[in-house]
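In this note's numbering, the protein residues as written are 66 to 147.
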């Protein structure tokens, strides 16, 4: 009997290897998160990708669109609960 691991389909093998190369360790994001908790940004809302602050402009940050989404979500939740 061979001690080799079973052969994976190509896509699954590629996915497994990409996770090994690209995945962050669990402890890596803790330092920036702790810094944000200890020293929160002055604004009421901030967005980050890793440790880089993102600009809060454009359609993804439109306050009217956010309010519409909030209202629609509240309506959906209310209708599900009855």
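Don't be surprised by glycine CBs; every beta carbon is placed ideally from N, CA and C. Every value quoted in this text rests on a predicted model; they were computed, and no experiment measured them.
Do residue j and residue i have their beta-carbon atoms positioned less than 8 Å apart in this structure?
i: residue 113; j: residue 119; result: yes
i: residue 27; j: residue 131; result: Nothing about residue 27 can be reported from this structure: the residues present for the chain run from 66 to 147 only.
i: residue 73; j: residue 81; result: yes
Can you tell me where the beta strand (DSSP E) with residue i in it begins and where it stops?
i: residue 118; result: 117-119
i: residue 42; result: Absent from the model: residue 42. The displayed extent of the chain is 66 to 147, so no value can be given.
Rounded to whole angstroms, how far is the Cβ of residue i from the Cβ of residue j, which I believe are closer than 8 Å?
i: residue 97; j: residue 116; result: 5 Å
What are the boundary residues of the alpha helix (DSSP H) that includes residue i?
i: residue 100; result: 95-103
i: residue 138; result: 128-146
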